[in-house]
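Report on one structure; see the data block that follows.
Residue numbers (the working numbering), protein chains in the order written: chain A, 251 to 364; chain B, 4 to 118.
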């Protein structure tokens, strides 16, 4: 049973470009969470999704950021018109239940905006 | 306000020495407490968790943590560290019965091991 798979591991974008980060949850996990980690800081919750539904997006910036978890395929975190401040590590986690008891994290995507 | 404080940004200990990483929290509800470890370039791995019962919790890799409600603390300990323990350690708190989206993470303690 593969773990939570994130790709790419590293993503470099120029200001104004779009960034797409992918997350494939563990088999049997229908709950997906996205977190952002800035340097020297802990993880900050961004969005919680179940298949085809956004459950909680209270941590998402209001503009330029969006997320989806389609019926088929991985969850996607999309950042439009990236700015330098978007540079961070983005982690995905998945769980078979809504609670935190069985949360598994991916290895993250390091986004660098030039 | 709900918060998690890890007062030590960076700690260095000698291999074989004991370790204690501090974590204090402020949370209105009965807390669900976690310690995670993050090795360089890796995601977070759960070391241990507490939500009820015995206040001394055993985890993986020889780690343990003690919940002290009166001090709002959940410190992580290991009697003898190994070089492979060098990593970033995060304390986190959530509410029992709520979703993982409500977990709050501390800012982390980076552990270095002196040979």
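Beta carbons: idealized from backbone N, C-alpha and C, even for Gly.
- Chain A places no beta carbon closer than 8 Å to that of residue 61 of chain B, leaving this residue out of the contacts.
- Taking a Cβ-Cβ threshold of 8 Å, none of the residues of chain B is close to residue 324 of chain A; the smallest such distance is about 16 Å.
- Distances from the CA of residue 344 of chain A to each of A/357, A/291, A/308, A/268 were compared; the closest alpha carbon is that of A/357.
- Ranking B/84, B/106, B/97 by CA distance to the CA of residue 14 of chain B puts B/84 first.
- Close to residue 35 of chain B, with beta-carbon spacing below 9 Å, are these residues of chain A in chain order: 349, 350, 351.
- With contacts defined as CB atoms closer than 8 Å, residue 81 of chain B and residue 56 of chain B fail to qualify as a contacting pair.
- Across the set A/354, A/342, A/352, A/300, the C-alpha of A/342 shows the shortest separation from the C-alpha of residue 270 of chain A.
- For the segment 67 to 98 of chain B, residues whose beta-carbon sits nearer than 7 Å to a beta-carbon of chain A comprise 93, 97.
- Cβ-Cβ distances below 6 Å link residue 316 of chain A to 328 in the same chain, with the five nearest sequence neighbours on each side left out; the list follows chain order.
- Around the beta carbon of residue 86 of chain B, fewer than 16 other beta carbons sit within 10 angstroms, so the residue counts as exposed.
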